[in-house]
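Enquirer:
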Amino acid sequence: MYVILLGPPGAGKGTQAVQTAERTGLLHLSTGDMFRENLRNGTELGNLAKTYMDKGELVPDDVTIRMLLERIGRDDANVGCLFDGFPRTVEQAKALDIALKEQGNEIAVTVLIDVSNEEITRRLGGRVSCATCGSVFHEIFNPPDANRPCCGTVKMIQRDDDKPEAIANRLQVYADQTEPLVAYYTQAGKLKTVNGEQSPEAVGVDLLSALQESSN
Ligand code: AMP
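Residue numbers (my numbering): 19 to 234.
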């Protein structure tokens, strides 16, 4: 089964994707994580991606599509994938459709985690990450535990793309380039929406039911 999680930055896609992948056995694929891993490893791809990520812009389609298609071509992706942060443009969605079709597969469902702009701005404002592993916390909603520090260190950083100018830009980029995917998957009869302003647990439950309905 191939599933897409769609939603604005800060909708909780990452958190939901990790939990849902554990519950379903699907392979969690996050293009944002792939870029950040490349950056940590000092690859050319990572350095190129950083110039876009820091400004809250999208990494160009050709680079992103090539990286993602290479990843889904590996054997461990045969169990099915949960895409988190990909596709982000109609071009990427079309490339994914074609690649899956060549493998005899298709997207089963795209789940939109729906959250208002006001709520997104509130959430992204307090987001901090572990300086070592990149795990995401929130100063108000999910503060790092001072008694059990992540990676043994209390050092938290704000990702450059979580700074106020970049947040505004990421929201605009989402509206311009990614939101058209709502129409794209609605037309294909593959869109389901869950309310992303509930507790993370409730969002997880709704997400799982959306997947179950689509696998029947
Ligand atoms: P994320 O962790 O999904 O919020 O992604 C962080 C950043 O990585 C984004 O703001 C983009 O700069 C870049 N990125 C991640 N996924 C994509 C994608 N599918 N297309 C283009 N850029 C992406």
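Where a beta carbon is used, it is the ideal one built from N, C-alpha and C, also for glycine.
Short check: CB of ARG188 to CB of SER147, under 7 Å?
Expert: One-based indexing of the sequence shown puts residue 188 at position 170. One-based indexing of the sequence shown puts residue 147 at position 129. Cβ distance not < 7 Å, so ARG188 and SER147 don't count as in contact.
Enquirer: Contact defined as beta carbons within less than 8 Å: I believe ALA117 pairs with LEU87. What is the distance between those atoms, to the nearest angstrom?
Expert: Within the sequence shown, residue 117 is the residue found at index 99, counting from 1. Within the sequence shown, residue 87 is the residue found at index 69, counting from 1. So it is a contact: roughly 5 Å between Cβ atoms.
Enquirer: Give me the DSSP bridge partner(s) of LEU45.
Expert: Reading the sequence shown from its first residue, position 27 is the one you call residue 45. Within the DSSP bridge table, the entry for LEU45 names CYS99 as partners.
Enquirer: Count the C-beta pairs between the region 105-113 and the region 53-73 that are closer than 8 Å, then say yes if the count reaches three, no if not.
Expert: Remark: fewer than three beta-carbon pairs, one from each stretch, lie closer than 8 Å, so the region 105-113 and the region 53-73 are not flagged as touching.
Enquirer: Leaving aside the five residues before and after THR139 along the sequence, list all residues of the same chain whose C-beta is less than 7 Å from its C-beta, in chain order.
Expert: As a first step, residue 139 is located in the sequence shown; it is residue number 121 there, counting from the start. Hits under 7 Å: ILE185.
Enquirer: Taking 8 Å as the limit between beta carbons, can you name the residues of its chain near ASP94, skipping five residues before and five after?
Expert: As a first step, residue 94 is located in the sequence shown; it is residue number 76 there, counting from the start. Only LEU45 meet the Cβ criterion.
Enquirer: Can you grab the Cα-Cα spacing for the pair GLY91 / THR82, in whole Å?
Expert: Start at 1 with the first residue of the sequence shown, and residue 91 comes out as number 73. Start at 1 with the first residue of the sequence shown, and residue 82 comes out as number 64. Going from the Cα of GLY91 to the Cα of THR82 covers about 14 Å.
Enquirer: Hey, could you find the ends of the beta strand (DSSP E) LYS210 is sitting in?
Expert: The residue labelled residue 210 in the question sits at position 192 within the sequence shown. Looking at the DSSP string, the run of the beta strand (DSSP E) that includes LYS210 is 209-213.
Enquirer: Could you check which residue in LYS208, ALA220, GLU136, MET52 has the C-alpha nearest to that of THR127?
Expert: Position 109 of the sequence shown, counting from 1, holds the residue named residue 127. Before going further, note that residue 127 is Val rather than Thr in the sequence given. Each of LYS208, ALA220, GLU136, MET52 was checked against the Cα of VAL127, and the nearest Cα belongs to LYS208.
Enquirer: In chain order, what are the residue ranges of uninterrupted alpha helix (DSSP H) at least 4 long that sit wholly in the region 26-76?
Expert: 31-42, 49-58, 62-71
Enquirer: What residue range does the alpha helix (DSSP H) around VAL81 cover?
Expert: Taking the sequence shown and counting its residues from 1, one reaches residue 81 at position 63. First-last of the alpha helix (DSSP H) with VAL81: 79-90.
Enquirer: Tell me the rounded alpha-carbon separation between VAL133 and ARG141.
Expert: Position 115 of the sequence shown holds residue 133. Position 123 of the sequence shown holds residue 141. Distance between VAL133 and ARG141, taken at the CA atoms: about 10 Å.
Enquirer: Taking the alpha carbon of SER153 as the reference point, which residue from THR171, THR38, ALA206 has its own alpha carbon closest?
Expert: By 1-based counting over the sequence shown, the position of residue 153 is 135. When only C-alpha atoms are compared, the closest one is THR171.
Enquirer: What's the call for GLN216, buried or exposed, on a 16-neighbour Cβ count within 10 Å?
Expert: Counted from its first residue, the sequence shown places residue 216 at position 198. Label assigned to GLN216: exposed.
Enquirer: Consult DSSP for ALA206 and reduce its assignment to one of helix, strand or coil.
Expert: Residue mapping note: residue 206 aligns to position 188 of the sequence shown, counting from 1. Coil.
Enquirer: Going residue by residue through the region 117-175, where are the continuous alpha helix (DSSP H) segments of at least 4 residues, counting only ones entirely within it?
Expert: 135-143
Enquirer: Compare the C-alpha of MET19 against each of ILE125, VAL129, GLY28, LEU114 and name the closest.
Expert: Along the sequence shown, one-based indexing puts residue 19 at 1. With distances taken between Cα atoms, MET19 lies closest to ILE125.
Enquirer: At a cut-off of 6 Å, would you count PRO27 as near the ligand AMP, judging by its Cβ distance to the nearest heavy atom?
Expert: Taking the first residue of the sequence shown as position 1, residue 27 is located at position 9. It does: the Cβ of PRO27 is within 6 Å (strictly closer) of some heavy atom of the ligand AMP.
Enquirer: What span of residues does the alpha helix (DSSP H) with ASP224 cover, start to end?
Expert: Here residue 224 corresponds to residue number 206 of the sequence shown, with the count starting at 1. First-last of the alpha helix (DSSP H) with ASP224: 218-233.
Enquirer: When the Cα atoms are used, what is the spatial distance from CYS169 to ALA206?
Expert: Locating residue 169 in the sequence shown gives position 151, counting from the first residue. Locating residue 206 in the sequence shown gives position 188, counting from the first residue. CYS169 and ALA206: Cα-Cα distance of roughly 43 Å.
Enquirer: When burial is assigned at 16 or more other CB atoms within 10 Å of the CB, is ILE22 buried or exposed?
Expert: As a position in the sequence shown, residue 22 is number 4, starting the count at 1. Under this definition ILE22 is a buried residue.
Enquirer: Taking ILE131 and GLY25 to be in contact with their CB atoms under 8 Å, please state how far apart those CB atoms are, rounded to whole angstroms.
Expert: For the purposes of this step, residue 131 is identified with residue 113 of the sequence shown, where counting begins at 1. For the purposes of this step, residue 25 is identified with residue 7 of the sequence shown, where counting begins at 1. A Cβ-Cβ distance of about 4 Å is found for the pair ILE131 and GLY25, placing them in contact under the 8 Å criterion.
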